[in-house]
Amino acid sequence: MANDSATLQKIRVLVAKPGLDGHDRGAKVIARALRDAGFEVIYTGLHQTPEMIVNAAVQEDVQVIGLSILSGAHNALVPEIIAGLKKDGLTDALLLVGGIIPDEDIPGLKAQGVHMVFTPGASLQEVVDYIRTHAPARA
Amino acid sequence: MRVQEKKKQKKPAGKKLRNSGPSKVSPSIKKIREAKAHWEKRLTQSETSAPPRSVKFTTLSDMDVPLLSTPADLEAEGFDYLKDSGFPGEYPYTRGVQRNMFRGKLWTMRQFAGFASAEDTNKRFKLLLANGQTGLSTAFDMPTLMGYDADSPRGKGEVGKCGVSVSSILDMESLFQGIPLGEVTTSMTINAPAIVLLAMYFAVAEAQGVPKAKVRGTLQNDILKEYIAQKEWIYPVIPAVGLVTDTIEYCTRHYPNWNTVSISGYHIREAGATAVQELAFTLADGLAYIDSCLARGLKIDEFAPRLSFFFDVHNDFFEEIAKFRAARRIWARLMRERYQAKDPKSWMLRTHAQTAGVSLTAQQPYNNIVRVTVQALAAILGGTNSLHTNSMDETLALPTDEAVMIALRTQQIIAEESGVAHVADPFGGSYFIELLTSRVEKAALQYIHRIDEMGGMIKAIEKGFPQAEIANSAYHFQRQLETKEKVMVGVNKFQMKENKRSLNTLYIDRTVEQNQIQKLAQLRRSRPSEAHQNALRNVKESATAGQNLMEPILSAVKAHATLQEICDTLRPVFGEYRESGSF
Chain X
16 MANDSATLQK
26 IRVLVAKPGL
36 DGHDRGAKVI
46 ARALRDAGFE
56 VIYTGLHQTP
66 EMIVNAAVQE
76 DVQVIGLSIL
86 SGAHNALVPE
96 IIAGLKKDGL
106 TDALLLVGGI
116 IPDEDIPGLK
126 AQGVHMVFTP
136 GASLQEVVDY
146 IRTHAPARA
Chain F
4 MRVQEKKKQK
14 KPAGKKLRNS
24 GPSKVSPSIK
34 KIREAKAHWE
44 KRLTQSETSA
54 PPRSVKFTTL
64 SDMDVPLLST
74 PADLEAEGFD
84 YLKDSGFPGE
94 YPYTRGVQRN
104 MFRGKLWTMR
114 QFAGFASAED
124 TNKRFKLLLA
134 NGQTGLSTAF
144 DMPTLMGYDA
154 DSPRGKGEVG
164 KCGVSVSSIL
174 DMESLFQGIP
184 LGEVTTSMTI
194 NAPAIVLLAM
204 YFAVAEAQGV
214 PKAKVRGTLQ
224 NDILKEYIAQ
234 KEWIYPVIPA
244 VGLVTDTIEY
254 CTRHYPNWNT
264 VSISGYHIRE
274 AGATAVQELA
284 FTLADGLAYI
294 DSCLARGLKI
304 DEFAPRLSFF
314 FDVHNDFFEE
324 IAKFRAARRI
334 WARLMRERYQ
344 AKDPKSWMLR
354 THAQTAGVSL
364 TAQQPYNNIV
374 RVTVQALAAI
384 LGGTNSLHTN
394 SMDETLALPT
404 DEAVMIALRT
414 QQIIAEESGV
424 AHVADPFGGS
434 YFIELLTSRV
444 EKAALQYIHR
454 IDEMGGMIKA
464 IEKGFPQAEI
474 ANSAYHFQRQ
484 LETKEKVMVG
494 VNKFQMKENK
504 RSLNTLYIDR
514 TVEQNQIQKL
524 AQLRRSRPSE
534 AHQNALRNVK
544 ESATAGQNLM
554 EPILSAVKAH
564 ATLQEICDTL
574 RPVFGEYRES
584 GSF
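Going line by line, the protein sequences match chains X and F.
With positions in the first sequence counted from 1, the corresponding number in the working numbering is that position plus 15.
With positions in the second sequence counted from 1, the corresponding number in the working numbering is that position plus 3.
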């Protein structure tokens, strides 16, 4: 469902760093860009387990979850996060993944419920536009 | 923003000349100034038909770049050849740390390698050594970097992905199987649990029968830049610096040829810092380690010669050369003037360099070979002592054998074919490079003084100062890419439609993790349980008593205690570091 930012309240976005990966340059840059674009951004900080991320998403009742993974652990971590979100009933949130994700892994992630994967070179504007267009509405 | 900056940059050189130049100007400098003023008039005329491509020209880090520099600019900057440059191999080492530079010994070609299991990485090491590489450099995986064993649930999916998995001394033995440790130099990129991995390495060298004085290599062991940039920490800052100090103290007494810390700007730069921030924060980290060692009672000339450095080398050719030259000059002066070091080896900043991972593009990845070549050349012309050249596929995955070989050959071609290794500091005396070196130095010293005023780097980190500065620079640069003020070929200019990436990449499958878990289970079953438990108890008691932990940890690894067991023993004693999620 599309959002008209003028008429709706701020879109709530969780930016999260799953696993032990310490590369947070991208996550922090994206978090700032989303905030500057008018979204309400919650950043988890580093070294989060799937469970911690699911809890944060549910507690904050976010419309968008952005996972930043540069460690190659996406195929292990993303399914656990998806399972946790389902279990806790947060099923309509837009789930995005950004980072070093090999092309051949993208279809598998999408089949499991990731809406979009942003790989190196994606512009901040692309991410902002994608969220504006696709974030689910909240009452 | 552009308009403002245009105003600011219109008159830098001329203004400076009049205001800050020395009061007595030599006749020849006066003549040069006059001639330059005339030339500038003619330049303005020429620019009516060939206007500048941009309203401002800056380095990658946004330092203003003059079109032309002359001896008059150096005079205005206060540059004094003998004092500021001098000669290679002599104070203040601006022109390099060896008198005959690369004529005597080429820089060490040291490709960073590590993936999957110790056995897999051992094969890559042997491939590199067989092809003319002159030093080893080990990359560990994320769980190892954070002090977790391969079978920890915290490391699920990450075992062997970003580096090699080493959970016990048995893995360390496999890693160096068939490689005589008295004959190679080994670098290990490990920080939070560095003391444990160092103990494993020393134990393996001892088992090979290598005398302590023949064990050569470098432990990264730079925990401060973890809080600043790389973010692989375990303990809070103060006890973590205590562990670094333990290793320095122990090696000073027992392993005289081991480089105890590789004070690293690389990760700081990769996280988004400018060249000046990279330089300043790295040197300030070095000062913090020195202060800690002095407080421990070590004498400056006992340990300072074994501190080494590690810088990034990015795309901006001149800025990078200036950065390396400025680094050596600042360090030499700090060591001699602030710390009263007497041994010239304490004054020398010896450094490894790695080409900039962040500069590589997933788009049109073959272009990365060219970027790496330019960067490698800058590091060598900047006088680095050791170099890693990135492989073209490293923005997609860990490199394949083929990609690594091209990266190594890039260094060999520069060394053997280009002729640059015949000359010491060929850019020394370039008006522009000397000017830029001096400006980079001044800007870095301003940061260092600010950090001094905060009470040193540990305090600055606790305030979040370097972290915030880097995040600001990273965001600023990303904005510059979005507006195309800065260009990445293939990303925001000269893009191509690529349906599929054209490279084969290395894929680490999950069997690596399963095998590592099985190996650990085997170790836990077969080791004598008393010995490692006693050793761990001793580690804990020594930590509680505030003693140097190197010997107790050496005993523990020899008793087959695992990495995580040792780190977990220390967690309740030291606590764990937490970072707020600020951005």
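Note that the Cβ used here is the ideal one computed from N, Cα and C, for glycine as well.
In this structure, Ala150(X) is the residue among Ala150(X), Ile115(X), Gln140(X) with its C-alpha nearest to the C-alpha of His130(X). Where Glu472(F) is concerned, the enclosing alpha helix (DSSP H) starts and stops at 468 to 485.
Relative to the Cα of Ile193(F), the nearest Cα in the group Leu184(F), Ile226(F), Arg328(F) belongs to Ile226(F). A direct Cα-Cα distance of roughly 10 Å separates Leu552(F) from Leu573(F). Under the Cβ criterion of 8 Å, Ala72(X) is not counted among the residues facing chain F. Around the Cβ of His38(X), a 10 Å sphere holds 16 or more other Cβ atoms; the residue is buried. Classified as exposed, Asn103(F) has fewer than 16 neighbouring CB atoms from the shown chains inside 10 Å of its CB. At least 8 Å separates the beta-carbon of Glu465(F) from that of Val247(F). Counting C-beta pairs with one atom in each stretch, the segment 410 to 420 of chain F and the segment 36 to 48 of chain F have fewer than three that are closer than 8 Å, which means they do not touch. Interface residue (Cβ-Cβ distance to chain X less than 8 Å): Met499(F) is not classified as such.
Around the C-beta of Glu397(F), 16 or more other C-beta atoms lie within 10 Å, and the residue is accordingly described as buried.
Residue pairing for Glu55(X): DSSP places it in a beta bridge opposite Arg27(X).
In the DSSP assignment, no residue is bridged to Phe577(F). According to the DSSP assignment, Gln280(F) belongs to the alpha helix (DSSP H) that extends over 278 to 299. By DSSP's assignment, His355(F) forms a beta bridge with Phe313(F), Ser389(F).
For Leu139(X), the enclosing alpha helix (DSSP H) begins and ends at 139 to 149. DSSP places Ala119(F) within a strand segment (E or B) once states are collapsed to three.
Between the alpha carbons of Ala538(F) and Ser441(F) lies a distance of about 52 Å.
Around Ala46(X), the beta-carbon contacts reaching into chain F at under 8 Å are Phe586.
Contact of Asp39(X) with chain F is assigned, a C-beta pair being separated by under 8 Å.
Close partners of Gln127(X) in chain F (Cβ separation under 7 Å) are lacking, with about 14 Å as the shortest Cβ gap. In this structure, the CA atom of Pro402(F) is about 20 Å from the CA atom of Asn90(X).
Rounded to the nearest whole angstrom, the CA to CA distance from Ser83(X) to Asn495(F) is 22 Å.
Boundaries of the alpha helix (DSSP H) around Val407(F): 404 to 419. Ala400(F) has a beta carbon lying within less than 8 Å of a beta carbon in chain X.
In the three-state reduction of the DSSP assignment, Val132(X) falls in the strand class, which pools E and B.
Of the candidates Ser311(F), Asp346(F), Met491(F), Asp346(F) places its Cα closest to the Cα of Asp304(F). Its chain contains Ser171, Ile172, Leu526, Arg530, His535 as the residues whose beta carbon lies nearer than 7 Å to that of His563(F), once the 5 sequence neighbours on both sides are disregarded; these appear in chain order. For Ser394(F), no alpha helix (DSSP H) encloses it, and the DSSP letter there is neither H nor E. For Tyr230(F), no CB of chain X lies under 8 Å from its own CB, so it is not counted at the interface with that chain. Chain order gives no chain F residues near Ala108(X), where near means a beta carbon separation below 7 Å; the closest approach is about 19 Å.
Going by C-alpha positions, Met499(F) is about 12 Å away from Ala365(F). The beta carbon of Leu85(X) sits closer than 6 Å to those of Asp36, His38, Gly114, Ile115, all from its chain and outside the five residues before and after it, given in chain order. Excluding sequence positions up to five before and after Phe82(F), its CB lies within less than 7 Å of the CB of Glu437, Ser441, all in the same chain and listed in chain order.
Contact of Pro146(F) with chain X by beta-carbon distance below 7 Å involves Leu35. Inter-residue distance for Thr547(F) and Val576(F) is about 6 Å (C-alpha atoms, whole angstroms).
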